[in-house]
Each structure stands twice: as C-alpha cells, then as structure tokens.
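In the numbering used here, the protein residues as written are 1 to 243. By construction, the Cβ of each residue, glycine as well, lies at the ideal position given by its N, Cα and C atoms. Note that the structure is a prediction, hence the values are computed from the model and not measured. Data block below; observations after.
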Ligand SMILES: CC(C)(COP(=O)(O)OP(=O)(O)OC[C@H]1O[C@@H](n2cnc3c(N)ncnc32)[C@H](O)[C@@H]1OP(=O)(O)O)[C@@H](O)C(=O)NCCC(=O)NCCS
C-alpha cells in the first residue's frame, strides 16, 4: 500500500530490540540491506549495538517500502548533504537509534512526503547525565525553565530539550558539526516546545523520549507500529505524541 504519508504528514515508526529478535530481523531484512550496511553491522563489537543497528535498518526499510510502495531491497539509501541519508522518490526521512544502560535498544524513523524532517530519541534515564551539560552549556532561559521544575520533570524536559536541538540539526543535515547550543528551545506554558523557524513535536515511547523537527508546518502526525510478522512477534506498543 504506497504513499501512506500525505502532504505535510509525518509518520513515526518505533520499535524495541526486546520485541524484535536479531535472528528474525536478519532473516527477514538481511537480503534487503546493502553491502555497506552488512559491513557496518559486522564491525560492531557489542551485541546490543549490533542488534539496535539491525533494528534501525529493518524499521527504516519497512517504513520506506510502505511509503514508496516498493520492495524493501529495491531502493538505495544514499548520503546527502552533511552525511544525512536520503532516498529518491520525493520521500524525506530521518532515523535515530539508541541503547540504554541495560543494553536494551530502540529505534525511531520519521517519514514524510516532501518536508525535511529530523528526529532524535534518547533513553529517559539520560536526564541525570544531561543535567550536567545543561548547567554548563544551555542558554539562561532554558536553564531557568528547568530549574523551576520538580526533579523528575526536570530530567525528562532536559532529555526532550536535548533531542529537540539534535532533531533540528539532523533536519538540516548539519548534525553535531553545528553546536547544539546554537538552537535555543523555548518551553511554552502550553507545553509546546518552540524554536524560531522550526516546527517541533515531542514524543514519549516506553522508556525513551524524543523530538521531531521540520521546517514546514507539521500537518498530520501519526505514530505507526508494525508488529506480527513484520518486525517481531510482539503486539502493539504505544508512542505518545505531545505537541
Ligand atoms: C547525526 C548525528 C547528530 C547523530 O547523532 P546520535 O544522536 O549519536 O545518533 P542517532 O541515532 O540519533 O542518529 C544516527 C542516524 O542519523 C542519521 N544521520 C547521520 N548523519 C546525519 C546528518 N548529518 N544529518 C541527519 N541525520 C544524519 C543516520 O541515519 C544515522 O544512523 P547510522 O549512524 O546508523 O547511520 C551525529 O552523528 C553527527 O553529527 N554526525 C555528523 C557529523 C560527525 O560525524 N561528527 C562527528 C561527531 S561530533
């Protein structure tokens, strides 16, 4: 079923390594991966890193194949400006994958037709570690907003703020070549995060928090989870979208 995403719509695809055994991912999506992706997979030393890399590639191939209406192995993913991966066919995408302290991994893919997107996701548990970064490097207004929050909420907002900055830098393709401090996030009393020139949305998925950034007005924002035979045996998981 091609073209799930309409104009300005963004689909978020999310999956956990815990739900998707590595063997099953390799069996189903291994043939669709490029030689370069197989080499990168083989070079990873830790099993958790290998698993989440495989998960991210399976989720990406699945999301793109559904959006493009093409077989998962029939299109090439090239590197564009700044090393941001891209695909032909008028589809924009970005992905993030992460492993928490226990070795559990998660991946998220944002797919859109026609609007540039950047996505970043981190374990919620990183809030304590990132708080140190905030105290040294975030803007005064960002720090003051966080200091007004109770500790639990402060740590969650710290992670969201970091992912919002990275999502903007990933949408442009600059990545961390540009300083995250150059993107200042404003947290409105209405709970919406903003930064000039960008549309932002936050999400929470299991123990992970993330942000989506786009230059255009985000129209319909949908969370998509594929289970059953496509990635693993688990049933549906919730991803909570916050705008
Ligand atoms: C892109 C970047 C921000 C990723 O940060 P991260 O939080 O560690 O990783 P994430 O899982 O969220 O994102 C990684 C994915 O982003 C995508 N990506 C890579 N370069 C990108 C770029 N310039 N813009 C947008 N997306 C990019 C890829 O799909 C990548 O997946 P892969 O590593 O499996 O190929 C960071 O690696 C970066 O800035 N890279 C470019 C500059 C660079 O190499 N700097 C050296 C380190 S400072």
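- Residue 51 and residue 80 have their C-alpha atoms spaced approximately 25 Å apart.
- Using a Cβ distance threshold of 8 Å, residue 9 and residue 112 count as a contacting pair.
- Between the beta-carbon of residue 145 and that of residue 208 there is about 22 Å, and that puts the pair past the 8 Å contact cut.
- Inclusion of residue 166 in the 7 Å shell around ligand 1 follows from its C-beta lying nearer than that to a non-hydrogen atom of the ligand.
- If only complete runs of 4 or more residues are kept, the region 40 to 89 shows the alpha helix (DSSP H) at 47 to 68, in order along the chain.
- Linking residue 101 to residue 46 through their CA atoms gives a straight-line distance of about 13 Å.
- CA-CA distance, residue 149 to residue 195, rounds to 20 Å.
- For ligand 1, residues qualifying as neighbours are 53, 56, 82, 83, 84, 85, 94, 95, 96, 97, 98, 118, 120, 121, 166, 169, 170, 173, 174, 175, 176, 177, where qualification means a beta carbon closer than 7 Å to at least one of its heavy atoms (chain order).
- Excluding the 5 residues flanking it on each side, residue 63 has same chain C-beta neighbours closer than 6 Å at 13, 109, 111, in chain order.
- Residue 11 sits buried, since 16 or more C-beta atoms from the chains shown fall within 10 Å of its C-beta.
- In this chain, the alpha helix (DSSP H) harbouring residue 158 covers 151 to 172.
- Per DSSP, the beta bridge partners of residue 200 are 213.
- CA-to-CA, the gap between residue 54 and residue 191 works out to about 34 Å.
- Contact between residue 184 and residue 169 fails: their C-beta atoms lie close to 13 Å from each other, not under 8 Å.
- Residue 240 is a Cβ neighbour of residue 204, given a cutoff of 8 Å.
- Just so you know, the alpha carbons of residue 16 and residue 159 end up roughly 19 Å apart.
- Bridge partners of residue 15 according to DSSP: 107.
- Per DSSP, residue 240 is not a residue of any alpha helix (DSSP H); the beta strand (DSSP E) it occupies stretches across 240 to 242.
- Under the three-state reduction of DSSP output, residue 123 falls in the strand class.
- Less than 8 Å divides the Cβ of residue 117 from the Cβ of residue 94.
- Between residue 92 and residue 115, the C-beta spacing is below 8 Å.
- Taking the C-beta atoms as reference points, residue 156 is found nearer than 8 Å to residue 124.
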